[in-house]
Amino acid sequence: MTIRVNGEEKLLEKEVNILELLTLQEVKMVEMVSVELNGEILDRDDFETTLVKENDAIELLYFMGGGSFGF
Amino acid sequence: MDFNEAQIERYSRHIILSEVGVEGQQKLLESKVLIIGTGGLGAPAAMFLAAAGVGTIGLVDADSVDLSNLQRQIIHQTKDVGKLKVVSGKETINEMNPDVNVITYHTFVNASNILEIIKDQDYDFIIDGTDNFGAKFLINDACVIAKKPFSHAGIIRFNGQLTTYIPDNNTPCYRCMFKEPPPEGAVPTCREAGVLGVMGGVIGTLQATEAIKYILGLGETLAGYLMTYDAIKMEFRKIKIKHNAKCGICGDEPSIQELIDYKPPVCSL
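First to last, the sequence lines map onto chains B and R. Position 4 of the first sequence, counted from 1, bears residue number 171 in our numbering, the numbering being contiguous throughout. Position 223 of the second sequence, counted from 1, bears residue number 249 in our numbering, the numbering being contiguous throughout.
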């Protein structure tokens, strides 16, 4: 199945949920990412139950602080 | 307001632009922009807004200039190390453009002072140049409550991003995209992070561009978009973001009734 992640085409060999997709994308800390699925911001609690579908457009939005990561 | 000869010459490259002209330059001179944080993002934003003739610039910062700041915070010079950042910033602006009235606020923003600071000069536009998530959420929530447009931005390593919030326009706020600050344990430490000095220059200058365009009523802003910049790939992207009806501050049923002081940063610039 083919999807788009941050504008780039990606081929998936098997069905995955959003959490598994983040692992495939080598996201080290899930808490540092917000996920937009087909134009809608996805609730963090739904990452595990939301399956990725053919032609989905997914944007991974990363938390960015300043010159140093404060907080 | 009449321009004197020096002003006509100083702003001639603006005035010659049909989209700016004498009228637009006048708007800039009468405008007021608040810059929160005079670091990597705030320094270039402040300098370009001052050069552009924004008549009133507010600078908020509690820190003093450190030698390690100078790799990117170009409003401060080697001679300023140890000086309050707001004082150093004001001196640089005053030397560059005497038309600009600089107001300084030597403090961190927090839940009890931010609305007062925003209202102090009834600022037209606010620039978030802070370095930590607590301050970023605070600025977002305060601007939503005070109905003030602002530019949010962040930089890290070789990446940067920004968006613009315009009130009463159904545009998403920062909290629409990021629900709440990440837990402390998830955030890399300062030593792991680092930032290429020019990132603040690129993104802070884009923030200044958004402020100027908003003041002039010119073109499209980044309201409704998150713009990302990857310096390694040398790639800009504009990601369309919708207003989030479930947003805690600007959604249909906001759960946040008053401003929140999140835990302060564990380390500073």
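Beta carbons are placed, not taken as given, at the ideal position from N, Cα and C, and that holds for glycine. Computed from a prediction, not measured in an experiment: that's the story for all the values here.
List the endpoints of the continuous alpha helix (DSSP H) containing residue i.
i: Arg-201(R); result: 200-203
i: Leu-55(R); result: 47-56
i: Ile-41(R); result: 38-41
i: Ile-182(R); result: Taken as a continuous stretch (DSSP letters only), Ile-182(R) belongs to no alpha helix (DSSP H), being part of the beta strand (DSSP E) at 176-182.
i: Val-200(B); result: It is not in any alpha helix (DSSP H) - Val-200(B) instead sits in the beta strand (DSSP E) that spans 200-204.
i: Lys-162(R); result: 159-172
i: Leu-191(B); result: 185-191
When you compare the CB positions of residue i and residue j, do they come within less than 9 Å of one another, or not?
i: Met-168(B); j: Glu-182(B); result: yes
i: Leu-67(R); j: Ile-181(R); result: yes
i: Met-253(R); j: Gln-147(R); result: no
i: Ile-144(R); j: Thr-82(R); result: no
i: Asp-287(R); j: Asn-166(R); result: no
i: Ile-258(R); j: Phe-184(R); result: yes
i: Gly-79(R); j: Arg-39(R); result: no
i: Val-202(B); j: Leu-191(B); result: no
i: Gly-226(R); j: Ala-32(R); result: no
i: Arg-98(R); j: Val-213(R); result: no
i: Lys-109(R); j: Thr-64(R); result: no
i: Asp-106(R); j: Val-91(R); result: yes
i: Ile-185(B); j: Glu-176(B); result: no
i: Ile-238(R); j: Ile-152(R); result: no
i: Leu-296(R); j: Leu-285(R); result: Residue coverage of chain R in this structure runs from 27 to 295, which leaves residue 296(R) outside it and unanswerable.
i: Tyr-255(R); j: Val-228(R); result: yes
i: Val-269(R); j: Pro-209(R); result: The amino acid at residue 269(R) is misidentified as Val; the sequence shows His. No, the pair does not count as a contact, with Cβ atoms beyond the cut-off.
i: Met-122(R); j: Ala-77(R); result: yes
i: Cys-202(R); j: Ile-267(R); result: yes
i: Ile-275(R); j: Val-170(R); result: yes
i: Tyr-240(R); j: Asp-157(R); result: no
i: Phe-230(B); j: Phe-29(R); result: no
i: Ala-71(R); j: Gly-243(R); result: no
i: Leu-218(B); j: Val-194(B); result: no
Which residues mark the beginning and the end of the beta strand (DSSP E) in which residue i is found?
i: Ile-101(R); result: Neither: Ile-101(R) is in no beta strand (DSSP E) and is coded neither H nor E.
i: Gly-186(R); result: 185-191
i: Thr-169(B); result: 169-172
i: Ile-225(B); result: 224-229
i: Leu-75(R); result: Careful: Leu-75(R) lies outside any beta strand (DSSP E), inside the alpha helix (DSSP H) at 68-77.
i: Asp-176(B); result: A small correction: the amino acid at residue 176(B) is Glu; Asp does not occupy that position in the sequence shown. Looking at the DSSP string, the run of the beta strand (DSSP E) that includes Glu-176(B) is 175-178.
For residue i, is the classification buried or exposed, using 16 other Cβ atoms within 10 angstroms of its Cβ as the cut-off for buried?
i: Thr-133(R); result: exposed
i: Lys-162(R); result: buried
i: Pro-175(R); result: buried
i: Asp-87(R); result: buried
i: Ser-44(R); result: exposed
i: Asp-223(B); result: buried
i: Asn-195(R); result: exposed
i: Ala-271(R); result: exposed
i: Phe-262(R); result: exposed
i: Ile-34(R); result: exposed
i: Asp-154(R); result: buried
i: Gly-211(R); result: exposed
i: Gly-232(B); result: buried
i: Gln-233(R); result: buried
i: Lys-53(R); result: buried
i: Ser-235(B); result: Because Ser-235(B) sits at a pLDDT of 42, beneath the cut-off of 50, its placement in the model cannot be relied upon, and the following sentence gives the value as read from the coordinates. Under this definition Ser-235(B) is a buried residue.
i: Lys-116(R); result: buried
i: Ser-177(R); result: buried
i: Glu-246(R); result: exposed
i: Phe-84(R); result: The amino acid at residue 84(R) is misidentified as Phe; the sequence shows Gly. Buried, since its Cβ has 16 or more Cβ neighbours within 10 Å.
i: Met-260(R); result: exposed
i: Phe-238(B); result: Because the pLDDT of Phe-238(B) is 30, which lies under 50, any placement of that residue in the model is unreliable, and the number read from its coordinates should be weighed accordingly. By the 10 Å Cβ count, Phe-238(B) comes out buried.
i: Gly-220(R); result: exposed
i: Thr-118(R); result: buried
i: Leu-295(R); result: Because Leu-295(R) carries a pLDDT of 42, less than 50, the predicted location of this residue cannot be relied on, and the following value inherits that uncertainty. Answer is buried; the Cβ neighbour count reaches 16.
Would you say residue i lies against chain C (beta-carbon separation less than 9 Å)?
i: Cys-202(R); result: Protein chains B and R are contained in the structure displayed, whereas chain C is not.
May I ask whether a heavy atom of the ligand PLP can be found less than 8 Å away from the beta carbon of residue i?
i: Leu-178(B); result: Judged by which ligands are present, the structure shown has none, so any question about the ligand PLP falls away.
Quiz prompt | chain B contacts from the segment 135-157 of chain R (Cβ-Cβ distance under 9 Å) | solution = Gly-155, Thr-156, Asp-157
Exercise. Report the residues of the segment 154-185 of chain R with a CB closer than 7 Å to any CB of chain B, ordered along the chain.
Key: Thr-156, Asp-157, Asn-158, Phe-159, Gly-160, Gly-180, Ile-181, Ile-182, Asn-185
Self-check item: the segment 207-224 of chain B: positions lying closer than 8 Å to chain R by Cβ
Solution: Glu-207, Ile-208, Asp-210, Arg-211
Self-check item: Uninterrupted beta strand (DSSP E) stretches inside the segment 223-261 of chain R (no shorter than 3 residues)
Solution: 251-256
Quiz prompt | Whole runs of the beta strand (DSSP E) within the segment 81-153 of chain R, excluding any shorter than 3 residues | solution = 82-86, 127-131
Self-check item: Contact residues within the segment 261-283 of chain R, judged by C-beta distance below 8 Å to chain B
Solution: Arg-263, Ile-265, Lys-266, Ile-267, Lys-268, Asn-270, Lys-272
Quiz item: Using a beta-carbon distance cut-off of less than 8 Å, what residues from the segment 226-252 of chain R approach chain B?
Solution: Gly-226, Leu-252
Quiz item: If contact means a Cβ-Cβ distance below 9 Å, which residues of the segment 63-94 of chain R contact chain B?
Solution: Gly-63, Gly-65, Gly-66, Leu-67
Quiz prompt | Under 8 Å (Cβ pairs) to chain R, residues found in the segment 175-186 of chain B | solution = Interface annotation for the segment 175-186 of chain B against chain R: empty, criterion Cβ-Cβ distance under 8 Å.
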